[in-house]
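Novice: Sharing a structure, written as structure tokens. Questions coming.
There are 2 protein chains.
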Amino acid sequence: MPIRVFLADDHALIRQGLKTLLERQGFQVVGEASDGQETLRSAERIQPDVAIVDISMPFMNGLDAARELKKSAPNIRTIILTQHEEDQYVTEALRAGAKGFVLKSQAADDLVHAIREVCRGSVYVSPCIPRTAVEAYLSKRYASADPLSGRERQVLQLVGEGNSTKDIASQLGISVKTAESHRTRLMKKLDIHETASLVRYAIRRGLIEA
Amino acid sequence: MPIRVFLADDHALIRQGLKTLLERQGFQVVGEASDGQETLRSAERIQPDVAIVDISMPFMNGLDAARELKKSAPNIRTIILTQHEEDQYVTEALRAGAKGFVLKSQAADDLVHAIREVCRGSVYVSPCIPRTAVEAYLSKRYASADPLSGRERQVLQLVGEGNSTKDIASQLGISVKTAESHRTRLMKKLDIHETASLVRYAIRRGLIEA
DNA sequence: AGTAAATTGGGTGATTTACCGGATTGATAT
DNA sequence: ATATCAATCCGGTAAATCACCCAATTTACT
Chain P
3 MPIRVFLADD HALIRQGLKT LLERQGFQVV GEASDGQETL RSAERIQPDV
53 AIVDISMPFM NGLDAARELK KSAPNIRTII LTQHEEDQYV TEALRAGAKG
103 FVLKSQAADD LVHAIREVCR GSVYVSPCIP RTAVEAYLSK RYASADPLSG
153 RERQVLQLVG EGNSTKDIAS QLGISVKTAE SHRTRLMKKL DIHETASLVR
203 YAIRRGLIEA
Chain F
3 MPIRVFLADD HALIRQGLKT LLERQGFQVV GEASDGQETL RSAERIQPDV
53 AIVDISMPFM NGLDAARELK KSAPNIRTII LTQHEEDQYV TEALRAGAKG
103 FVLKSQAADD LVHAIREVCR GSVYVSPCIP RTAVEAYLSK RYASADPLSG
153 RERQVLQLVG EGNSTKDIAS QLGISVKTAE SHRTRLMKKL DIHETASLVR
203 YAIRRGLIEA
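Protein chains in written order, with our numbering: chain P, 3 to 212; chain F, 3 to 212.
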């Protein structure tokens, strides 16, 4: 009896590609959805073995969908399939109850392995994901979704808004060195090494707007 | 004799899905690439009938790749395949020499039609795209929404992706000084004075994603 | 042919970052 | 109560980057 798979991605073309690919691998695609809410309604009814869920979807994103699925249909194993490589997403996905995390940049084999592994009860994370991200999930129990301290988040926002470290220091009434220190530490926490990535992260977090 | 197709998308998984799907439709997938530069090198050598090119790719985006392909391999018909629905992309894609424009949110049929049409010499744009976008291209009235030159746009993208000036120089095969020069000039053109604002601009322009 | 823009490159000095270190406070766990 | 850890604060040094000056060559357009 083939493994029954559900596909959630807002791009129909991508879904059809994945479906064709998975069916050739012997899986049975039993349902599809193009947003988080549709995923919940449809997957709860269909009760697939595995739900493959993209993060970027309209109305309800894949991580929120995974959280809801965990509550309403705990028997469905969720695999997050995304283009986002940031560690933050991995940690958040695992906390949301996902059993797998696969990048779209990986080969199809990776997804196939993930499906087989989660069906056996394992947790599967793409090998190219830094272990630190998985460890963050395992160790930091129930820390806030955002690993940053208040001051760090404040500095991050100011950096994203285009302020230099010197500006930030004077705005916060601290020395340049301290501002740099906050900045350095938050970058280490986020495993980010350039200002550009920092800005993109701040936008995704909603701290600033593009 | 089957139509020979080239696939350019930075997500291996998506490429494999599309490949499987297209081969079932009777097309022959003769090559793949995961970024714009690889697309140029590889497609010029292989000379496919059609190149299906995603916009969002690292190092060199799909629109720039289409522009280059038009010069170096005018016999290859380029179809832009993207998730971005904004009219601006359609106009820019057609100006860049693309013969087709298909959204990932559409069904596979749409892509199949596009391939057949462009091979017959037509221009194909997904039916869900507003006509105004196509008319903007036809009306030749270049309002030049973006004052940047090609090279500058390329540098902007690389900056937004988090590359240092040194990285950019080596990736583009130019000196650090030249890369700095491009960067300085594009910042002056945009009246932007910090990296953070540059990144936000690149995101708003759709050159990169948050 | 002539003008403008694009692309390439350099030098110098100021600014910023990266990476090393430590001091103090407050919360938490044992 | 006391050890421990995270958060906050600060400094020095070396490397990288930026800002601002310059110019040669190629390309594009009129």
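A virtual CB, placed ideally from N, CA and C, is assigned to each residue, including glycine.
At a CB-CB cut-off below 7 Å, which residues of chain F make contact with S44(P)?
Specialist: In chain order: nothing, as chain F lies at least about 18 Å away.
Novice: DSSP has I82(P) in a bridge; who is on the other side?
Specialist: DSSP, once it has assigned bridges, lists V55(P), F103(P) as partnering I82(P).
Novice: What residue does the alpha helix (DSSP H) around L71(P) start on, and which one ends it?
Specialist: From DSSP, the alpha helix (DSSP H) with L71(P) extends over 64-74.
Novice: Counting only C-beta atoms, is L1(P) closer than 9 Å to chain F at any point?
Specialist: Within the shown structure, residues of chain P are numbered from 3 to 212, placing residue 1(P) beyond reach of any answer.
Novice: Name the two residues that bound the continuous alpha helix (DSSP H) containing L24(P).
Specialist: Here the alpha helix (DSSP H) through L24(P) covers 14-26.
Novice: Report the option in A212(P), I117(P), E88(P), E87(P) whose CA atom is closest to the CA atom of I54(P).
Specialist: I54(P) has its Cα closest to that of I117(P), out of A212(P), I117(P), E88(P), E87(P).
Novice: Helix, strand or coil, according to DSSP, for D30(F) in the structure here?
Specialist: First, the amino acid is wrong: residue 30(F) is Gln here, not Asp. Reduced to three states, the DSSP call for Q30(F) is strand.
Novice: I57(P): which of V104(P), S166(P), Q156(P) sits nearest, CA to CA?
Specialist: The shortest C-alpha separation from I57(P) is found at V104(P).
Novice: Thinking C-alpha only, which one of N77(F), T41(F), L174(F) is nearest G33(F)?
Specialist: Nearest of N77(F), T41(F), L174(F) to G33(F), Cα basis: T41(F).
Novice: Please decide whether R26(P) counts as near chain F, where near means a Cβ-Cβ distance under 9 Å.
Specialist: True, the Cβ-Cβ gap to chain F drops below 9 Å.
Novice: How is the alpha helix (DSSP H) around R206(F) delimited, first residue to last?
Specialist: Run containing R206(F): 197-207, per the alpha helix (DSSP H) assignment.
Novice: So what does DSSP say about A10(F), is it helix, strand or coil?
Specialist: In this structure, A10(F) counts as strand in the three-state DSSP scheme.
Novice: Out of I131(F), Q30(F), E70(F), P129(F), state which residue places its alpha-carbon closest to the alpha-carbon of M3(F).
Specialist: The shortest Cα separation from M3(F) among I131(F), Q30(F), E70(F), P129(F) belongs to Q30(F).
Novice: Would you be able to state if there are at least three C-beta pairs under 8 Å between the segment 162-178 of chain P and the segment 162-175 of chain F?
Specialist: In short, these stretches do not touch, since the Cβ pair count stays below three.
Novice: Excluding the 5 residues flanking R202(P) on each side, which residues of the same chain have their C-beta closer than 6 Å to its C-beta?
Specialist: Hits under 6 Å: none found.
Novice: Can you tell me which of the three DSSP states V127(P) falls into?
Specialist: Three-state DSSP puts V127(P) in a strand.
Novice: Throw me the rounded Cβ distance for the A109(F) and A14(P) pair, which I believe falls under 8 Å.
Specialist: The Cβ separation is near 5 Å, so the contact holds.
Novice: Cβ of A110(P) less than 9 Å from any chain F Cβ?
Specialist: It does: the Cβ of A110(P) has a partner Cβ on chain F nearer than 9 Å.
Novice: Report the neighbours of E163(P) on chain F: residues whose CB is nearer than 8 Å to its CB, in chain order.
Specialist: Correct list: A198.
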